[in-house]
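In the numbering used here, the protein residues as written are 841 to 1060.
Input: a single structure, listed below in structure tokens.
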């Protein structure tokens, strides 16, 4: 009986051993795959964190770069544009002077003396004439003095050059902007006054209507 029991126990161990080893192998492989997946997840998270940190560092470096050099570039570009505009205006002024000299007749200025009457200073070739313009044109004087001739011509050329100075151009732009602001403020003040007058008229009508109602009640 004891011999049969030993044989039965040995057979059970024999059949149970492959199953147990297979289960252990499967469990170990499953554990290994879980560990690999977890390690891969950690690696992906680490890589994503590194990429995020790298992008933030690049952004910080880019934002730090938008400082002195960019401001310097903007200032240099502005100076270049202003200088180019000034040179263009100077060139146009010289071209206009050359065109006027080619025509041999140049109006140096004048003054109005009333309706359809004025005195004009005209340069014709090398002569400078003072003429009166009205119903007809009459020569009043010819400037023969070379010193006076040179003074008038230098004054005219200096005035034309001054009109093309950048400061003068900026002052004109500023005056235009200020005038537009004043016009806007004047229009807004006019609208406010109009609203106030309309409100006063409405109040006066209400008071008149109430007084008429009161008088009607008193007569009754």
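Glycine residues also receive a C-beta, built at the ideal position from the N, C-alpha and C atoms.
Note that the structure is a prediction, hence the values are computed from the model and not measured.
Option nearest residue i by Cα separation, candidates the options
i, options, result
"residue 965", "977, 907, 1041, 983", "983"
"residue 944", "931, 951, 968, 952", "968"
"residue 974", "1043, 990, 956", "956"
"residue 997", "985, 1044, 946", "946"
"residue 979", "930, 916, 970", "970"
"residue 931", "1034, 1041, 1000", "1000"
"residue 950", "923, 992, 1040, 913", "992"
Which residues DSSP lists as bridging residue i, in chain order
i, result
"residue 954", "957"
"residue 947", "962"
"residue 968", "963, 983"
Whether residue i touches residue j by CB criterion (9 Å)
i, j, result
"residue 934", "residue 948", "no"
"residue 972", "residue 958", "yes"
Buried/exposed call for residue i, threshold 16 Cβ in 10 Å
i, result
"residue 961", "buried"
"residue 867", "A caution first: residue 867 carries a pLDDT of 46, below 50, which makes its placement in the model unreliable, though a value can still be read off. Exposed, since its Cβ has fewer than 16 Cβ neighbours within 10 Å."
Check: residue i C-beta below 8 Å from any heavy atom of the ligand HEM
i, result
"residue 995", "The model depicted lacks the ligand HEM and carries no ligand whatsoever."
Entirely enclosed alpha helix (DSSP H) segments - the stretch 970-1006, minimum 4 residues: Within the stretch 970-1006, the complete alpha helix (DSSP H) runs of at least 4 residues are 986-1003.
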